[in-house]
Structures are given as structure tokens and as C-alpha cells.
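Heads up, the thing below is written out as C-alpha cells.
Numbering (the numbering used here), first residue to last: 151 to 277.
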């Protein structure tokens, strides 16, 4: 991979990291607001048990989404490190070149398509 290509992916990864981090912060902010409301801090609200269960479900779902997003941030950070180490664009398993088409879709991809398929069959996290 050329330095110019690596710089292009570095910029793309930094922008993606900023977007994902913003999503995580938004989810956290919304959850804090929801918790404050459901704890009774707002007067005039009467909560039914079903409403409380729904709120609890929503918070848990948001937490799971934020956890997945945090894994993406980790993968982005690892990809940025591979750029610095000159290993970006190579499969970390077989060291073959990761196709640019794949990197354009998943810029933090660390496996070629064949090794990714093996990882998924073994139950590993995609990426």
C-alpha cells in the first residue's frame, strides 16, 4: 500500500472513529436523561410497570448498541496502529493483501475474505 493510500485510509478511519464516538456519547446522554426521568426526578409523571419494563428494555438495548460501537472504536484504533506500523491492508492471519474493495466498505478490516470466513465459522467477531 502506498503512503498516499495509507493516508487516505487514516483520514477515513479518524472520521469514522469520530462519528462512532459521537453515537456512543449520544446513546449515553439519552440513557442518562431516560434514567433521570424514570427515577422520578420529573414531577407529574406516573409510571406503569409496563412503562418501566419498556424503559429498562430500551436502556439495555442502547447499552448493547453502545458496547458494539465501542468494539468498532477498538477495531478502528487497531487499524490506525497497523497504518503506523506499515501493516495496514495486509491480513493479520495469512499476510495476503486485503482487497481495496473490502477496505472501502470496512476500513478497519484486519482479515482477507477467506480468513474472515474462517474466523466467523469459529465464532469470532466480524472485522
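For glycine and all other residues, C-beta sits at the position ideal for the given N, C-alpha and C.
- Report yes if the C-beta distance between residue 261 and residue 242 is below 8 Å; otherwise report no. Working through the chain shown from its first residue, we reach residue 261 at position 111. Working through the chain shown from its first residue, we reach residue 242 at position 92. Yes, Cβ-Cβ distance for residue 261 and residue 242 is below 8 Å.
- Quick one: give me the first and last residue of the alpha helix (DSSP H) that residue 260 is part of. Numbered from its first residue, the chain shown carries residue 260 at position 110. That residue, residue 260, is in no alpha helix (DSSP H); it is neither H nor E in DSSP.
- Counting along the chain, where does the alpha helix (DSSP H) carrying residue 254 start and finish? For the purposes of this step, residue 254 is identified with residue 104 of the chain shown, where counting begins at 1. Unbroken alpha helix (DSSP H) run through residue 254: 250 to 255.
- Item | Other residues of its chain near residue 266: CB distance less than 6 Å, five sequence neighbours each side excluded | Along the chain shown, one-based indexing puts residue 266 at 116. If we look at residue 266 and ignore the five residues flanking it on each side, it has no Cβ neighbours.
- Query: Would you report the Cα separation of residue 164 and residue 226, rounded to the nearest angstrom?
  - Reply: Counting from one through the chain shown, the residue named residue 164 turns up at place 14. Counting from one through the chain shown, the residue named residue 226 turns up at place 76. When rounded, the distance between both Cα atoms is 8 Å.
- Tell me whether residue 194 is buried or exposed, calling it buried when 16 or more other Cβ atoms sit within 10 Å of its Cβ. As a position in the chain shown, residue 194 is number 44, starting the count at 1. Residue placement at residue 194 is flagged as unreliable, the pLDDT there being 44, under the threshold of 50; the coordinate-derived value follows with that caveat. With fewer than 16 Cβ atoms within 10 Å of its Cβ, residue 194 is classed as exposed.
- Item | Given residue 160 as reference, the closest of 235, 247 and 180 once Cα atoms are compared | Indexing the chain shown from 1 puts residue 160 at position 10. Taking only the C-alpha atoms, the option nearest residue 160 is 235.
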